[in-house]
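Enquirer: Before I ask anything, here is the structure I am working with.
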Amino acid sequence: MPKIVAGLMGSSVQGGSQKLATPEQLRPFLDLLRKHNVRELDTARVYNGGKSEELLGEIPEAQNDFVIGTKAPGFSPGSLTYDKVIENANASLKALKMKKIPLYYFHGPDRQTQLEESCRAINDLSQQGKIERFGISNLRNSEVEECYDVCKNNGWILPTAYQGGYNPLSRTAEKQLLPILRKLGISFYAYSPLAAGFFSRTTEQHRNPPTGGRFDQMKFVKDMFVNDTSLKLHDMLTEACEKQHLTLKEATLRYMMHHSALGLEDGVILGASSVEQMEENLVACEGGVLPESVVSAFESLWTQYTQAGYDPPYCV
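Residue numbering for the sequence shown is 1 to 316, as defined by my numbering.
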């Protein structure tokens, strides 16, 4: 069974969750994580314009009690040059008020900059004692192999963690990525286990979403998961869950924990905008294996979705 990693993205696409915006608000959230034996936190330099890191930096016990992972900004041309990686790592260290980052990722690709240059910066950070582990995120499987080979051939610190999208509606990673990660000894940390809210909302809510929600803010996510085919399958899966007195959200999280391709070395990144929401998610994850009828419904969901021509990617 994979471990749980608490994601601190919150609602940063719109400026940060107002329920977890101060040390006083975040401390009960961290207390809840301790209660449920969650020991890893995931953030990024870009989350809420750097304020997510700064908030953690205001809570010394967060650094003592949790393994914190953060990310160097990626995606845009020139974002992972040697100087930018060093600059952003130092900015993260300052914001977090840490001397060493336990897990430091490339947040996404910079396909204008050679991976060798980016990885050289990571190795120098490691040699300077500023990072403990190296992670990568949102890279294609060919880029994962290239990154690993560059580091291996130069005797540099190797990537040991990968973050990618993975949920019952997006399982491409199982065939394209996971075999490579297993071969290279890289753990897989799955973000968006609820497909950015697809599995936590009703079909009616998807057809008529409230304004200001995450789908409203992140149109590309909505375009990826919400369509006529997925909504019909949503109804099918909801019915199968209700017959077993389960909510779709609870069943999805239990599927991820017990019936997905994730192993002990992997993680599920759970996000929440409030203590109450995180507690609900954690309790669901602690449920046992699902009834066979529900597992079959999840498998049918994926089969029918791909047969209809949909195949959401694990990377950017």
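Positions of the beta carbon are idealized from the N, C-alpha and C atoms, including for glycine.
(1) How would you write the range of the beta strand (DSSP E) that Lys71 sits in, first residue to last?
(2) State buried or exposed for Lys84, treating a residue as buried only when at least 16 other CB atoms are found within 10 Å of its CB.
(3) Give the single residue among Ser300, Ile180 and Ile4 whose Cα lies nearest to the Cα of His36.
(4) Quick check: the Cα distance between Gly49 and Pro179, rounded to an integer number of angstroms?
(5) Between Thr81 and chain D, is there a C-beta pair that is closer than 7 Å?
(6) When DSSP labels each residue in this structure, what does Ile86 get in the three-state scheme?
(7) Considering only the alpha carbon of each residue, which of Pro2, Leu55 and Pro102 lies closest to Pro23?
(8) Is it buried or exposed for Pro311, if we count other Cβ within 10 angstroms and need 16 for buried?
(9) Quick check on this structure: which residue in Lys130, Asp124 and Gly57 has the alpha carbon closest to the alpha carbon of Ala95?
(10) Below 7 Å between beta carbons: does that hold for Thr113 and Ser92?
(11) Excluding five sequence neighbours on each side, which residues of the same chain lie with their C-beta closer than 6 Å to the C-beta of Ser12?
(12) Taking the straight line between their C-alpha atoms, what separation do you get for Asp149 and Leu158?
(13) List in chain order: all unbroken beta strand (DSSP E) runs of 3+ residues lying wholly within the region 171 to 214.
(14) When the Cα atoms are used, what is the spatial distance from Leu194 to Ile68?
(15) In the structure shown, what three-state DSSP assignment does Thr160 receive?
(16) Going along the chain, which residues of its own chain have a beta-carbon closer than 6 Å to the beta-carbon of Met224, five neighbours each way excluded?
(17) Would you kindly work out how many angstroms separate the C-alpha atoms of Lys19 and Pro209, rounded to a whole number?
(18) Between the C-alpha atoms of His258 and Glu276, what's the straight-line distance to the nearest angstrom?
Expert: Checking against the coordinates, here is how it stands:
(1) Residue mapping note: residue 71 aligns to position 71 of the sequence shown, counting from 1. Here the beta strand (DSSP E) through Lys71 covers Val67 to Ala72.
(2) For the purposes of this step, residue 84 is taken as residue 84 along the sequence shown, with counting starting at 1. Result: buried.
(3) Translated into positions along the sequence shown, residue 36 becomes position 36. Ranking Ser300, Ile180 and Ile4 by Cα distance to His36 puts Ile4 first.
(4) Within the sequence shown, residue 49 is the residue found at index 49, counting from 1. Within the sequence shown, residue 179 is the residue found at index 179, counting from 1. Rounded to the nearest angstrom, the gap between the Cα atoms of Gly49 and Pro179 is 35 Å.
(5) Note that chain D does not occur in the displayed structure, where there is just one protein chain.
(6) The residue you call residue 86 lines up with position 86 of the sequence shown. Helix at Ile86.
(7) For the purposes of this step, residue 23 is identified with residue 23 of the sequence shown, where counting begins at 1. Ranking Pro2, Leu55 and Pro102 by Cα distance to Pro23 puts Leu55 first.
(8) The sequence position of residue 311 within the sequence shown is 311, counting from 1. Before going on, a small fix: residue 311 reads as Asp here, not Pro. Asp311 counts as exposed, since fewer than 16 other C-beta atoms from the protein chains shown sit within 10 angstroms of its C-beta.
(9) Residue 95 sits at position 95 when you count from the first residue of the sequence shown. Nearest in C-alpha terms to Ala95, of all of Lys130, Asp124 and Gly57, is Gly57.
(10) Here residue 113 corresponds to residue number 113 of the sequence shown, with the count starting at 1. Here residue 92 corresponds to residue number 92 of the sequence shown, with the count starting at 1. The answer is no: Cβ separation not under 7 Å.
(11) Taking the sequence shown and counting its residues from 1, the one referred to as residue 12 is at position 12. At Ser12, the pLDDT of 40 sits below 50, so the modelled position is not reliable; the number obtained from the coordinates is stated separately. Cβ within range, chain order: Tyr47 and Asn48.
(12) Reading the sequence shown from its first residue, position 149 is the one you call residue 149. Reading the sequence shown from its first residue, position 158 is the one you call residue 158. A straight line joining the alpha-carbon of Asp149 with that of Leu158 spans about 9 Å.
(13) DSSP runs (the beta strand (DSSP E)) wholly in the region 171 to 214: 187 to 191.
(14) For the purposes of this step, residue 194 is taken as the residue at position 194 of the sequence shown. For the purposes of this step, residue 68 is taken as the residue at position 68 of the sequence shown. Approximately 22 Å, taken between the alpha carbons.
(15) Here residue 160 is taken as the residue at index 160 of the sequence shown, counted from 1. In the structure shown, Thr160 sits in a strand (DSSP, three-state: E or B).
(16) Position 224 of the sequence shown holds residue 224. If we look at Met224 and ignore the five residues flanking it on each side, its Cβ neighbours are Pro312.
(17) Walking along the sequence shown from the start, residue 19 turns up at place 19. Walking along the sequence shown from the start, residue 209 turns up at place 209. If you take the alpha carbons of Lys19 and Pro209, they lie about 21 Å apart.
(18) On the sequence shown, residue 258 is found 258 positions in, with the first residue counted as 1. On the sequence shown, residue 276 is found 276 positions in, with the first residue counted as 1. In this model, His258 and Glu276 are separated by some 23 Å (Cα to Cα).
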